[in-house]
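Visitor: Read left to right, the sequence shown gives residues 3 to 338 (our numbering). Okay, here's the structure, questions in a sec.
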Amino acid sequence: VYACIGVPETHAPQGGYPAVVLIHGGAGQIYREWIKYYTERGYAAIAYDTYSNGLGTVKGKVQKIKNPDGGPDENYTGSLKDSPDDYQNSWLYHGVANAILCNNILRSRSDVNPSRIGVTGISWGSVITLVTSGVDKRFNAFAPVYGAGYLYEDSFWTAADKNATFGGEGKTSEWAAVYDPSSYLPYCTKPTLLADNCFAVKNRIKSAKLIKGKAFYSQRYDLSHGHLWDETEEVYAFFEHILGGKDTVPVINGATVTGDKITLDYSKGEFKGVYLTYTTSSDEDSHKWVFFKERITGENGNYATTLPSGATAFVIETEVEYNGKTARFSTPIYEV
Numbered sequence: 003v004y005a006c007i008g009v010p011e012t013h014a015p016q017g018g019y020p021a022v023v024l025i026h027g028g029a030g031q032i033y034r035e036w037i038k039y040y041t042e043r044g045y046a047a048i049a050y051d052t053y054s055n056g057l058g059t060v061k062g063k064v065q066k067i068k069n070p071d072g073g074p075d076e077n078y079t080g081s082l083k084d085s086p087d088d089y090q091n092s093w094l095y096h097g098v099a100n101a102i103l104c105n106n107i108l109r110s111r112s113d114v115n116p117s118r119i120g121v122t123g124i125s126w127g128s129v130i131t132l133v134t135s136g137v138d139k140r141f142n143a144f145a146p147v148y149g150a151g152y153l154y155e156d157s158f159w160t161a162a163d164k165n166a167t168f169g170g171e172g173k174t175s176e177w178a179a180v181y182d183p184s185s186y187l188p189y190c191t192k193p194t195l196l197a198d199n200c201f202a203v204k205n206r207i208k209s210a211k212l213i214k215g216k217a218f219y220s221q222r223y224d225l226s227h228g229h230l231w232d233e234t235e236e237v238y239a240f241f242e243h244i245l246g247g248k249d250t251v252p253v254i255n256g257a258t259v260t261g262d263k264i265t266l267d268y269s270k271g272e273f274k275g276v277y278l279t280y281t282t283s284s285d286e287d288s289h290k291w292v293f294f295k296e297r298i299t300g301e302n303g304n305y306a307t308t309l310p311s312g313a314t315a316f317v318i319e320t321e322v323e324y325n326g327k328t329a330r331f332s333t334p335i336y337e338v
């Protein structure tokens, strides 16, 4: 398995650097810029390729190179086509195993603080992160970006050929027990930031309720889908809060609903902006829901608005400034 590690150029603080494992998404690779994003901020960072690809320079550009001795290839991303009877040869099994190995590598270094290690993944890397959250309790924080469980119930892939996905015909429950994050999230006891705007809404609501650790939310409905670590400042702010003990995250308790009036319930936070994001969609496939956004004007720290007629789900988003950039944190998603 190919991996890259980076450490800050500054001397390690007492106790060692905080650290993070970086897991790319489908069709992705190891991104040296992603590692640098964290090393410049004082973190040790390690990234591995979930297909065991290496890196090389092709036409002046660093990109992935196929490793003939690597593990499951990109045709088996997500293990949708993998049999539950042969899980040790699956893409997901190797993805989680390698996240654990990265934890071992970080913990073996004298310049890394073993009690300040987190993991973040993007899209399919987020699915690996969610499963790992219920498996390796040595990690201290999890930040999946675009990811949820219950993929077999409500997702883009449920429209696929059932004979070729989710274990094949008649094996959905066996597949879910082995491969779906919903089977592992009940064992997640550490703080977790759920940042997503792409996976099915109902899946995200149900998945969040399974987590035993403290859950934080960032529902970025205006965010594109991709490896956008430099646009999701809330992930870094979350790690600073959990791994660094810094006051970088607002304390949002949720939303209070009285009739058609919605009020943001928070204990701490100074906001650049507060927004109501809602949908009137009712399609059975909730990843197709379309969301609208409107600003909430607060008076004396009270942020309240009226829920639009016909709304079927909503979330209140907040903007805070950290490190010179805007981070967004929100309430959970509420169905009406």
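C-beta: ideal position from N, C-alpha, C; glycine also.
Are the region 259-273 and the region 228-235 touching, with three or more C-beta to C-beta distances below 8 Å?
Guide: With a cut-off of 8 Å, the region 228-235 and the region 259-273 do not count as touching, because too few Cβ pairs lie within range.
Visitor: Could you tell me whether the region 269-287 touches the region 302-317, where touching means 3 or more Cβ pairs closer than 8 Å?
Guide: Taking 8 Å as the limit for Cβ pairs, the verdict is that the region 302-317 does touch the region 269-287.
Visitor: According to DSSP, is Asp71 helix, strand or coil?
Guide: Of the three classes helix, strand and coil, the one that applies to Asp71 here is coil, per DSSP.
Visitor: What does DSSP give as the partner residues of Gly56 in its beta bridges?
Guide: Paired residue(s): Ile67.
Visitor: Applying the 10 Å Cβ sphere with the 16-neighbour rule, what's the burial state of Trp159?
Guide: By the neighbour-count rule (16 or more Cβ atoms within 10 Å), Trp159 is not buried but exposed.
Visitor: Put Ile213 into one of helix, strand or coil per three-state DSSP.
Guide: It is coil, neither helix nor strand.
Visitor: Since Phe241 is in the alpha helix (DSSP H), which residue starts that stretch and which ends it?
Guide: First-last of the alpha helix (DSSP H) with Phe241: Glu235 to Gly246.
Visitor: Since Pro146 and Leu196 are thought to touch, with beta carbons under 8 Å apart, how far apart are those beta carbons, to the nearest angstrom?
Guide: Their Cβ separation, rounded to whole angstroms, is 7 Å, which keeps Pro146 and Leu196 in contact under 8 Å.
Visitor: For Ala21, does the three-state DSSP call read helix, strand or coil?
Guide: Of the three classes helix, strand and coil, the one that applies to Ala21 here is strand, per DSSP.
Visitor: Mind reading off the beta-carbon distance from Val114 to Tyr19? Whole number of angstroms is fine, and I expect it under 8 Å.
Guide: The Cβ separation is near 5 Å, so the contact holds.
Visitor: The beta strand (DSSP E) that contains Ser332, what's its start and end?
Guide: That run of the beta strand (DSSP E) goes Lys327 to Ser332.
Visitor: If you count every other CB in all the chains shown that lies within 10 Å of the CB of Gly17, and 16 or more means buried, which is it?
Guide: Exposed is the call here.
Visitor: For Ala179, which three-state DSSP category applies?
Guide: Three-state DSSP puts Ala179 in a helix.
Visitor: If we ignore side chains and look at the alpha-carbon of each, how far apart do Ile32 and Thr134 end up?
Guide: Between Ile32 and Thr134, the C-alpha separation is close to 19 Å.
Visitor: For Tyr280 versus Thr320, is the C-beta spacing smaller than 9 Å?
Guide: Cβ distance not < 9 Å, so Tyr280 and Thr320 don't count as in contact.
Visitor: Report, in whole angstroms, the separation of the C-beta atoms of Gly56 and Asn69, which I expect to be a contact under 8 Å.
Guide: About 5 Å; that satisfies the 8 Å criterion.
Visitor: Along the chain, where does the beta strand (DSSP E) that runs through Lys1 open and close?
Guide: Outside the shown range of the chain (3 to 338) lies residue 1, about which nothing can therefore be said.
Visitor: Check whether the region 105-121 and the region 20-27 are in contact - that is, three or more C-beta pairs closer than 8 Å.
Guide: At 8 Å Cβ cutoff, the stretches touch.
Visitor: With respect to the beta strand (DSSP E) encompassing Gly97, which residues constitute its N-terminal and C-terminal limits?
Guide: Here Gly97 belongs to no beta strand (DSSP E); instead the alpha helix (DSSP H) covers Trp93 to Arg109.
Visitor: Could you pull the start and end residues of the alpha helix (DSSP H) that Lys38 belongs to?
Guide: Start and end: Arg34 to Thr41.
Visitor: Could you pull out every residue in the same chain whose Cβ sits closer than 8 Å to the Cβ of Arg140, ignoring the five residues on either side in sequence?
Guide: Answer for Arg140: Asn105, Arg109, Pro116 and Ile119, listed in chain order.
Visitor: Taking contact to mean at least 3 C-beta pairs separated by less than 8 Å, is the region 170-180 in contact with the region 81-101?
Guide: Judged by Cβ distances under 8 Å, the region 170-180 makes contact with the region 81-101, as three or more pairs qualify.
Visitor: Under three-state DSSP, which class holds Gly300?
Guide: Three-state DSSP puts Gly300 in coil, outside helix and strand.
Visitor: Given that a residue counts as buried once 16 or more other Cβ atoms are within 10 Å of its Cβ, and exposed if not, what is Ala150?
Guide: Buried is the call here.
Visitor: At what residues does the alpha helix (DSSP H) containing Thr320 begin and finish?
Guide: No alpha helix (DSSP H) holds Thr320; the beta strand (DSSP E) holding it covers Ala315 to Tyr324.
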